[in-house]
Every structure is written in C-alpha cells, then in structure tokens.
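Undergrad:
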Ligand code: ADP
Ligand code: MG
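Numbering (the working numbering), first residue to last: 217 to 432.
1. Measure the beta-carbon distance from residue 367 to residue 217 and round it to whole angstroms, keeping in mind my assumption that it falls under 8 Å.
2. Tell me whether residue 320 is buried or exposed, calling it buried when 16 or more other Cβ atoms sit within 10 Å of its Cβ.
3. What are the boundary residues of the alpha helix (DSSP H) that includes residue 241?
4. In the DSSP assignment, find the unbroken alpha helix (DSSP H) run with residue 374 in it and report its ends.
5. Buried or exposed, going by whether 16 or more other CB atoms sit within 10 Å of the CB of residue 387?
6. So for residue 389, helix, strand or coil by DSSP?
7. Do you know how far the Cα of residue 238 is from the Cα of residue 384?
8. For a test of your reading of the model: does the CB of residue 392 fall under 7 Å from any non-hydrogen atom of the ligand ADP? Yes or no.
9. Would you mind stating whether residue 317 and residue 325 have Cβ atoms separated by less than 8 Å?
10. For residue 266, report the span of its alpha helix (DSSP H) as first-last.
11. Considering only the alpha carbon of each residue, which of 408, 336 and 221 lies closest to residue 314?
12. Any idea what DSSP makes of residue 354, helix, strand or coil?
13. What residues match up with residue 434 in a beta bridge as DSSP calls it?
14. Please state whether DSSP places residue 339 in a helix, a strand or coil.
15. Assuming residue 253 contacts residue 294 under a Cβ cut-off of 8 Å, what Cβ separation, rounded to an integer in Å, is found between them?
16. By the DSSP assignment, the alpha helix (DSSP H) with residue 302 in it spans what residues?
17. In terms of residue numbering, what span does the alpha helix (DSSP H) encompassing residue 396 cover?
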C-alpha cells in the first residue's frame, strides 16, 4: 500500500492534535529532568506546521516534509526544534518529488530523519534522548519488512520498538541535553523527547491503519 501527499498532511495534522493532547504530559516529563517546556515547544511547533500546510496541494511529499521541518526550526525555541526540524528536512530530501510513499520509502525517510538528529545533536543510542526511541524503531521496521510482514505490521513494529525505547530511557543516565546536568539523578525518569518520538510513530501507525481500514 502507499500513502499520498494529502494523506501525509492528514497524518501530520493528527500528530499536531496528539502533541496538543499530550502537551502537559510532555512538560511534566521534561520538568523532572529538564526545564519543563518540551510539550509547549512541540505544541508551538506543530501549530505552525498545521498552519504552513493548510493550503498545500499534496503533490510533493518532499516539499511537505521540508515545510514541516522549517516550521519546527523557526518556531520552537528548545533543543527539540532544531533536532526535529533537521530530521524532517533530511527526510524531505529522500521524499523529494514523490506524490506517494510506500513502506520501503518510509524506512528510508526515517533513516534520513535519524541521520539529521545525529548530525545536529551528536548523540548516540543510550544517551537518554529521542534517538533511543527512533533508532530501535528503524531496526524493528527493517527486520519486520525483511521477514515479509505486511506494511501495517511493519509500522506496528516501529511503534512497539519505540515504546520499548521510551521504557529503556528510564534505566539510563542522560549524557546529552539539559538532563545530562543531573548525571545519575536522571535515572528512573523517562525522556520527554523519546516520548514525543514514540507519540509521532504511534500516530503514524494509527492513522495508516485507519486509512487501510477506510476510516480516514
Ligand atoms: P530543551 O532541552 O532545550 O528544553 P526540549 O525540552 O524541547 O528542549 O527537548 C528536550 C529533548 O530533546 C530531550 O528530552 C531529548 O530527547 C532531546 N535531546 C536533547 N539533546 C539532544 C541531542 N543532543 N540529541 C538528540 N536529542 C536530544
Ligand atoms: Mg526542555
């Protein structure tokens, strides 16, 4: 199955709603080991994304992702703005000129997005950041795709692995971002950015499932 540009915009709008619904939750997580603004930052960014895509005709998924990235970079004050913004802008290069994407495209897009986060933030796995949700999600997708699972199952594998990654962040010390100032005291707390990455991947799964079932 493939997803059209207009469906990508629908998914991004839904992500904006989910971020808004989870604004306080993301701020609470960030308050425990950071400065408590992650939900506010992400919400502000995705409100701008929604606005920027309002009149988009959906013809070019690369352009949609580029606009998304630019809206995030220019409207989010915290570290997450440039990080997610770069992720979407790198993803855009891969999707350039495409009117539809399939699951293989999505794996490549997500890999490019992770490359953007790593390039920007210089973090690796195990440093208690969004990378701990995104990187295992990509691995799980590749594995699920290789073993011949249906595209929707591949997306399910990505969000399940991301959630495991979120749980994993509770067990490790933050060595990047504001939470790293706490050192060992960051153990036991869940990373806010990993959680927003999970929410994004879960929303993609839920929406694609809805599209497939004819609900969206
Ligand atoms: P700030 O830390 O500037 O207040 P946010 O609160 O919006 O920004 O975002 C914090 C999140 O950003 C963290 O929970 C973490 O997941 C992510 N993060 C911080 N630094 C990095 C980095 N170098 N690489 C990847 N992700 C990072
Ligand atoms: Mg913060």
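For every residue, glycine included, the Cβ atom is placed at its ideal position computed from N, Cα and C. Bear in mind that the values here come from a model prediction, so they are computed numbers and not experimental data.
TA: Taking the coordinates as given:
1. Taking the chain shown and counting its residues from 1, the one referred to as residue 367 is at position 151. Taking the chain shown and counting its residues from 1, the one referred to as residue 217 is at position 1. Taking the Cβ atoms as the reference, residue 367 lies roughly 5 Å from residue 217, within the contact range of under 8 Å.
2. On the chain shown, residue 320 is found 104 positions in, with the first residue counted as 1. Exposed.
3. Residue numbering aside, residue 241 sits at position 25 when the chain shown is read from its first letter. Counted as a single uninterrupted DSSP element, the alpha helix (DSSP H) harbouring residue 241 occupies residues 239 to 249.
4. Mapped onto the chain shown, residue 374 falls at position 158. Where residue 374 is concerned, the enclosing alpha helix (DSSP H) stretches over 367 to 385.
5. Counting from one through the chain shown, the residue named residue 387 turns up at place 171. It is exposed - the Cβ of residue 387 has fewer than 16 other Cβ atoms within 10 Å.
6. Numbered from 1 along the chain shown, position 173 holds the residue referred to as residue 389. Note: residue 389 maps to coil in three-state DSSP.
7. Taking the first residue of the chain shown as 1, we reach residue 384 at position 168. Taking the first residue of the chain shown as 1, we reach residue 238 at position 22. The C-alpha of residue 238 is placed about 20 Å away from the C-alpha of residue 384.
8. For the purposes of this step, residue 392 is identified with residue 176 of the chain shown, where counting begins at 1. At least one heavy atom of the ligand ADP falls within 7 Å of the beta-carbon of residue 392.
9. In the chain shown, counting from the first residue as 1, residue 317 sits at position 101. In the chain shown, counting from the first residue as 1, residue 325 sits at position 109. In contact: residue 317 and residue 325 (Cβ atoms closer than 8 Å).
10. Within the chain shown, the letter at position 50 stands for residue 266. It spans 254 to 268 - the alpha helix (DSSP H) in which residue 266 sits, taken as one unbroken run.
11. Here residue 314 refers to the residue found at position 98 of the chain shown. Put simply, of 408, 336 and 221 the residue whose alpha carbon is nearest the alpha carbon of residue 314 is 221.
12. To locate residue 354, count along the chain shown from 1; it is residue 138. If DSSP states are grouped into helix, strand and coil, residue 354 belongs with the helices.
13. An answer regarding residue 434 cannot be provided, because it is not within the stretch 217 to 432 covered by the chain.
14. Along the chain shown, one-based indexing puts residue 339 at 123. In the structure shown, residue 339 sits in coil (DSSP, three-state: anything other than H, G, I, E or B).
15. Here residue 253 refers to the residue found at position 37 when the chain shown is read from its first residue. Here residue 294 refers to the residue found at position 78 when the chain shown is read from its first residue. Rounded, the Cβ-Cβ distance is 6 Å, consistent with contact.
16. Counted from its first residue, the chain shown places residue 302 at position 86. Per DSSP, residue 302 belongs to the alpha helix (DSSP H) from 296 to 311.
17. One-based indexing of the chain shown puts residue 396 at position 180. For residue 396, there is no enclosing alpha helix (DSSP H), as DSSP marks it with neither H nor E.
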